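Chains as they are written, first to last, in our numbering: chain A, 3 to 273; chain B, 769 to 1111.
Using N, Cα and C, we set each Cβ at its ideal position, and we do this for glycine too.
The structure displayed is predicted, hence computed values, not measured ones.
Let me begin by presenting the structure, written as structure tokens, before commenting on it.
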């Protein structure tokens, strides 16, 4: 169990390390990357539930970003595989319910349920992957800065930054508590309910005390309700080019059936 | 349970984002006007606490499974509804970005499903009503249990309704509803027990904390009517706007089709007919009809034509994927080993 927490800890740290690289993608203004990511997700989910071939070209975007930004493919794939048992859990019903045969490939008959199942998995990896790529190329504080620049409520962005700052502190405190419990309970993996409540209650008390100390520290440093950063935002020509070319490509892909056209062209030539 | 991007239609995702956004703006205004700057660090650290608390779980006796805290109700009790909603929103955002829980488009749904009910419905209407007056251990337990169970039932109802409106699942509305509500019943009980346990721990150890958050109820007393009016206006505006943009997406239609005829799709029209509806039908087709025309004419029956287009799709897809792989490798190989960025 403590191992699980350590993993969470490492995960955030690893993504944040990736975000500190210096590549053409990393150098882009966070706002441009945020907008492109949102547009990408919207385009992908706008396909109907049986789309498979049309979704495939959209993998070009993560491939480009991973290539340009020098990100570890294996790590990102592993993250995708681990997460969201929920999607698998409810989409797995599709093949059993929707049994109408939709496509026949030689002897193989494929029902609509399997097609929509595959489509949902593709959709899932694209949308979730896009969010991971955003963090791995931008970093959470920069995304918050972009949100702030784009007019999100100041309280919300300050809350994001505060949460992010103290996340590590409190997770570390949680790790220490669990380790202490394991040492005193013959390495029982999980505390019982009563003990659990006391652990959680103590963590909460420490948290509240910490909040009070932070508040006093902030007051003595004349905190006015906003966090000032030295980060410079510059939406220049590179950002405009990135934004327009990416969204333009997505629109073209959405409007045409590139995969089908290419495939039938090849088949024609072969024939 | 978290909603996922893959299960959402863009119109619905956008609408839920607008609803959540409106609630967030409302809560921000509320906190700004309450002029209590102690709340700012408190919210931040409490968000981190929820995060850490979700990592710790306890063994549920005799089942072999484990339970952990969701946190919506606990936040509402300790911070008041508006601050709790913002805090929960920030926790879910970090989860969506770092742990890929759900996704960006579904984030609006998730914040709404997990935050709105505990903060604005079950906390003021159930928990506060029950614990009003003299606080006792029994009232605390009863109030927290009722509020947590009903809150989670409402949240999972939200997931079911949103999923069905998006029409990505083949599972029928009623069976999905039953499944989800049943799953969330024990989750709600666990949530209620933990919330009651932790609050009574705090109450015994440091009663003034609860008194203080009780005294701040000026912030807790939200005129619910204003929130609701704002939500309705936002929903109509953006729902109308977004569905106008996304009207080519036949999710709603497909859904009602599924409900009424128990059939996934209408049969494809004969390929030669140039009915004005053909274009629309192409959009709703099982696999879009992107084969060249000659191919469609050589295929005598419908399945043949469809198989033709499918083969084309698979070949094209494979080529594009290969191309993407190559592109990624080339870009990666050609790129210098970038150092750290100095900001």
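Residue i versus residue j - alpha carbon distance
{"i": "residue 138 (chain A)", "j": "residue 127 (chain A)", "result": "16 Å"}
{"i": "residue 20 (chain A)", "j": "residue 1093 (chain B)", "result": "21 Å"}
{"i": "residue 103 (chain A)", "j": "residue 131 (chain A)", "result": "31 Å"}
{"i": "residue 782 (chain B)", "j": "residue 968 (chain B)", "result": "40 Å"}
{"i": "residue 799 (chain B)", "j": "residue 79 (chain A)", "result": "40 Å"}
{"i": "residue 867 (chain B)", "j": "residue 861 (chain B)", "result": "10 Å"}
{"i": "residue 899 (chain B)", "j": "residue 801 (chain B)", "result": "27 Å"}
{"i": "residue 226 (chain A)", "j": "residue 124 (chain A)", "result": "46 Å"}
{"i": "residue 923 (chain B)", "j": "residue 31 (chain A)", "result": "36 Å"}
{"i": "residue 252 (chain A)", "j": "residue 45 (chain A)", "result": "7 Å"}
{"i": "residue 904 (chain B)", "j": "residue 99 (chain A)", "result": "50 Å"}
{"i": "residue 267 (chain A)", "j": "residue 1090 (chain B)", "result": "17 Å"}
{"i": "residue 1084 (chain B)", "j": "residue 855 (chain B)", "result": "46 Å"}
{"i": "residue 792 (chain B)", "j": "residue 156 (chain A)", "result": "11 Å"}
{"i": "residue 105 (chain A)", "j": "residue 1086 (chain B)", "result": "18 Å"}
{"i": "residue 201 (chain A)", "j": "residue 840 (chain B)", "result": "19 Å"}
{"i": "residue 887 (chain B)", "j": "residue 847 (chain B)", "result": "10 Å"}
{"i": "residue 196 (chain A)", "j": "residue 28 (chain A)", "result": "47 Å"}
{"i": "residue 889 (chain B)", "j": "residue 814 (chain B)", "result": "21 Å"}
{"i": "residue 919 (chain B)", "j": "residue 819 (chain B)", "result": "20 Å"}
{"i": "residue 239 (chain A)", "j": "residue 166 (chain A)", "result": "31 Å"}
{"i": "residue 107 (chain A)", "j": "residue 116 (chain A)", "result": "14 Å"}
{"i": "residue 199 (chain A)", "j": "residue 180 (chain A)", "result": "13 Å"}
{"i": "residue 15 (chain A)", "j": "residue 823 (chain B)", "result": "16 Å"}
{"i": "residue 111 (chain A)", "j": "residue 97 (chain A)", "result": "13 Å"}
{"i": "residue 114 (chain A)", "j": "residue 41 (chain A)", "result": "28 Å"}
Within-9 Å CB hit, residue i to chain B
{"i": "residue 175 (chain A)", "result": "yes"}
{"i": "residue 150 (chain A)", "result": "no"}
{"i": "residue 130 (chain A)", "result": "yes"}
{"i": "residue 155 (chain A)", "result": "yes"}
{"i": "residue 100 (chain A)", "result": "yes"}
{"i": "residue 209 (chain A)", "result": "yes"}
{"i": "residue 61 (chain A)", "result": "yes"}
{"i": "residue 262 (chain A)", "result": "yes"}
{"i": "residue 32 (chain A)", "result": "no"}
{"i": "residue 192 (chain A)", "result": "yes"}
{"i": "residue 225 (chain A)", "result": "yes"}
{"i": "residue 188 (chain A)", "result": "no"}
{"i": "residue 212 (chain A)", "result": "yes"}
Residue nearest to residue i in terms of C-alpha spacing, selected from the options
{"i": "residue 147 (chain A)", "options": "A:235, A:247, A:17", "result": "A:235"}
{"i": "residue 256 (chain A)", "options": "A:116, A:29, A:50, A:25", "result": "A:50"}
{"i": "residue 161 (chain A)", "options": "B:781, B:917, B:782, B:852", "result": "B:852"}
{"i": "residue 944 (chain B)", "options": "B:846, B:953, B:932", "result": "B:932"}
{"i": "residue 964 (chain B)", "options": "B:920, B:909, B:939", "result": "B:909"}
{"i": "residue 93 (chain A)", "options": "A:120, A:84, A:69", "result": "A:120"}
{"i": "residue 12 (chain A)", "options": "A:216, A:169, A:144", "result": "A:169"}
{"i": "residue 770 (chain B)", "options": "B:1083, B:958, B:838, B:894", "result": "B:838"}
{"i": "residue 915 (chain B)", "options": "B:960, B:820, B:776", "result": "B:960"}
{"i": "residue 821 (chain B)", "options": "A:178, A:261, A:243, A:40", "result": "A:178"}
{"i": "residue 772 (chain B)", "options": "B:792, B:881, B:805", "result": "B:881"}
{"i": "residue 873 (chain B)", "options": "B:978, B:1099, B:1097, B:785", "result": "B:785"}
{"i": "residue 748 (chain B)", "options": "B:797, B:824, B:876, B:790", "result": "This structure does not reach residue 748 (chain B), given that chain B is present from 769 up to 1111, and the question cannot be answered."}
{"i": "residue 827 (chain B)", "options": "A:17, A:185, A:194, A:154", "result": "A:194"}
Assigned exposure category for residue i - 16 Cβ within 10 Å defines buried
{"i": "residue 219 (chain A)", "result": "exposed"}
{"i": "residue 879 (chain B)", "result": "buried"}
{"i": "residue 191 (chain A)", "result": "exposed"}
{"i": "residue 976 (chain B)", "result": "exposed"}
{"i": "residue 849 (chain B)", "result": "buried"}
{"i": "residue 250 (chain A)", "result": "exposed"}
{"i": "residue 61 (chain A)", "result": "buried"}
{"i": "residue 258 (chain A)", "result": "exposed"}
Residue i at chain C interface by Cβ criterion, 9 Å
{"i": "residue 51 (chain A)", "result": "Here the protein chains are A and B, and chain C is not one of them."}
Test: residue i CB closer than 9 Å to a CB of chain A
{"i": "residue 864 (chain B)", "result": "yes"}
{"i": "residue 797 (chain B)", "result": "yes"}
{"i": "residue 740 (chain B)", "result": "The structure shown does not extend to residue 740 (chain B), since chain B is modelled only from 769 to 1111, so the question has no answer here."}
{"i": "residue 840 (chain B)", "result": "no"}
{"i": "residue 777 (chain B)", "result": "yes"}
{"i": "residue 800 (chain B)", "result": "yes"}
{"i": "residue 725 (chain B)", "result": "There is no way to answer for residue 725 (chain B), as the model of chain B reaches only from 769 to 1111."}
{"i": "residue 782 (chain B)", "result": "yes"}
{"i": "residue 817 (chain B)", "result": "yes"}
{"i": "residue 855 (chain B)", "result": "yes"}
Problem - Validate contact between the segment 165 to 178 of chain A and the segment 46 to 62 of chain A using beta carbons, cut 8 Å, 3 pairs - result: no
Practice task
Report yes or no: do three or more beta-carbon pairs, one from the segment 897 to 916 of chain B and one from the segment 790 to 810 of chain B, lie closer than 8 Å?
Solution key: no
Handout entry: Meets three-Cβ-pair contact criterion under 8 Å: the segment 918 to 938 of chain B and the segment 62 to 75 of chain A
Key = no
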